[in-house]
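In this note's numbering, the protein residues as written are 1207 to 1494. By construction, the Cβ of each residue, glycine as well, lies at the ideal position given by its N, Cα and C atoms.
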């Protein structure tokens, strides 16, 4: 049984400046809910309620979002706003959430390494705090199911267009059953003509605690960052590793256009917004 998850959320979010100058990118809203809350809810839906967030400078808003706000709750109660009050209380009751600071921005590998004492000797899920996955079954739960079968590390995969493989870590592997791949190697941001596949790591990992040994042995790259992919390559020499093709869709909120599209798509799922928004979009399309 997987009990713990690690959510790295320490990056600066420079692609969304100036919005992220004073608020974490993970707190940017999709409609009315911060991205990081969707990530936490995904873990909870997978049965994981012991979460460790890796945060850095300027990320206090994340802590405050998941803490109780007694003054706000009192105000909502006094105004009879019962639904809003229940929503606020639900956020703070989602899971047992702990925080640890990444003192320097030294890459994803270093961020995961910050979790070693909390994780101890248990397998754990890593969910990137700025990556939103829209799936009928929670992506973290899909990984848990496969891990329970093989008892080996698993990474979530998505097939990307050839022109985008240079933006991701790509696997070299063989499909052993529909949607499941035995991984031979990882290639970080290959040129399209050199890519062994179009299957990219998709922001979710289920790792075993021995990964910390290999992160510790991984030196920084030219940018001074410790890459988790490099540690995974070393781990792969010592034990099998699998990739699971995502049943669902990773929402590309790492750029402004993708962020806006995701907001529109999620709003169209809302019964309180969909009809009016659909009419507006049709009117806008006619004007264009």
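- The beta carbon of residue 1222 sits closer than 8 Å to the beta carbons of 1231, 1234, 1462, 1465 from its chain, once the five residues preceding and following it are set aside; these are given in chain order.
- Annotation for residue 1450: the continuous beta strand (DSSP E) segment containing it runs 1448 to 1451.
- Your pair residue 1449 and residue 1387 checks out as a contact, with CB atoms roughly 4 Å apart and the cut at 8 Å.
- A distance of 8 Å or more separates the beta carbons of residue 1208 and residue 1323.
- The C-beta distance from residue 1342 to residue 1454 rounds to 7 Å, short enough to fall under 8 Å.
- The DSSP assignment places complete beta strand (DSSP E) segments of no fewer than 3 residues inside the stretch 1250 to 1305 at 1256 to 1261, in order along the chain.
- When beta bridges are read from the DSSP output, residue 1407 appears opposite 1363.
- For residue 1382, there is no enclosing alpha helix (DSSP H); the enclosing beta strand (DSSP E) covers residues 1375 to 1383.
- Residue 1216 is not a Cβ neighbour of residue 1331, given a cutoff of 8 Å.
- DSSP, read as helix, strand or coil, puts residue 1476 in coil.
- For the pair residue 1339 and residue 1248, the CB atoms are nearer than the 8 Å cut-off.
- In the DSSP assignment, residue 1386 falls within the unbroken beta strand (DSSP E) covering 1386 to 1394.
- A direct Cα-Cα distance of roughly 27 Å separates residue 1478 from residue 1267.
- Rounded to the nearest whole angstrom, the C-alpha separation of residue 1312 and residue 1321 is 14 Å.
- Distance from the CA atom of residue 1379 to the CA atom of residue 1483, rounded to whole angstroms, is 43 Å.
- When 1336, 1431, 1405 are compared, the shortest CA-CA separation from residue 1370 is found for 1405.
- Between residue 1308 and residue 1262, the CB-CB gap stays under 8 Å.
- Beta-bridge partners assigned by DSSP to residue 1213: 1259.
- For residue 1286, the number of other beta carbons within 10 angstroms of its own is below 16, and it is reported as exposed.
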